Structure formats: C-alpha cells, structure tokens
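Undergrad: For reference, the structure I am asking about is given below.
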Amino acid sequence: KYLSTGWARRFVKRWLVWVNRSDLAPMRKVGGLIQRHLENILTFCRHRITNGVAEGLNSKIMAIKRKACGYRNREHFKTAIYFFCGGLNLYPASS
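According to full-length UniProt numbering, the sequence shown is numbered sequentially starting from 1.
Have a look at this one:
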C-alpha cells in the first residue's frame with residue numbers, strides 16, 4: 001500500500017518498464033491497459049473510493065429493464081426500480 005501517489009506512480013512506472021521488456025504478449029497487453037488507466041488508478045490511491053456501488057446499482061437497473069422487455073411509461077419503470085432496488089420489506093412484522 002502506497003500512501004503517496006508519487007510513490008505509487010514510481011512503482012507502476014518501474015513495473016511497466018519491466019512488463020514492456022517482457023516477451024509475454026499478454027503481460028504487455030495488461031501493461032498497456034494499466035498505462036491507459038494510470039491516472040484513475042492513482043486517483044483510487046489518493047481517495048480510496050471506487051464507483052463500484054454506482055456500477056452495481058446501474059447493473060441492477062439494466063437487469064430490470066431487460067426482464068421487463070419495456071415499460072409503458074417512465075413512471076412504471078421508475079416504480080419498478082424503487083421496488084427492486086429500494087430494499088423494501090415485503091413481509092412487514094406482524095404485531
């Protein structure tokens with residue numbers, strides 16, 4: 001774990017040099033991918049947050065859309081999103 005983005009950048013740059021000298025084409029391909037996304041990787045090092053929750057929610061919404069094969073209007077679609085993603089308790093506690 002690097003606490004400084006400067007140190008993390010140096011580490012990745014040295015690793016990329018090693019990878020580019022490698023004879024393994026898949027490793028060079030991964031190195032290129034990391035090189036293209038280096039700034040985003042360093043942003044994670046700086047802030048320690050990801051957009052994973054947003055991506056997961058978006059994935060759920062797209063699954064709702066696919067299962068329905070279309071909704072009559074936006075309100076029905078919005079209601080379905082609230083229903084499936086809202087964490088509703090469908091079995092309320094009985095007293």
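Quick reminder that beta carbons are idealized off the backbone N, C-alpha and C, glycines included.
Treat the numbers as computed from the prediction; the structure is a model and nothing was measured.
Report yes if the C-beta distance between Arg-46 and Thr-5 is below 9 Å; otherwise report no.
TA: Yes, these two residues count as a Cβ contact at 9 Å.
Undergrad: Count the C-beta pairs between the segment 53-69 and the segment 36-44 that are closer than 8 Å, then say yes if the count reaches three, no if not.
TA: The segment 53-69 vs the segment 36-44: no contact.
Undergrad: DSSP on Tyr-91, reduced to helix/strand/coil?
TA: Three-state DSSP puts Tyr-91 in coil, outside helix and strand.
Undergrad: Whole angstroms are fine: how far does the CA of Leu-24 sit from the CA of Tyr-2?
TA: If you take the alpha carbons of Tyr-2 and Leu-24, they lie about 27 Å apart.
Undergrad: Looking at the unbroken alpha helix (DSSP H) that takes in Cys-45, where does it start and where does it end?
TA: Counting along the chain, the alpha helix (DSSP H) containing Cys-45 begins and ends at 38-47.
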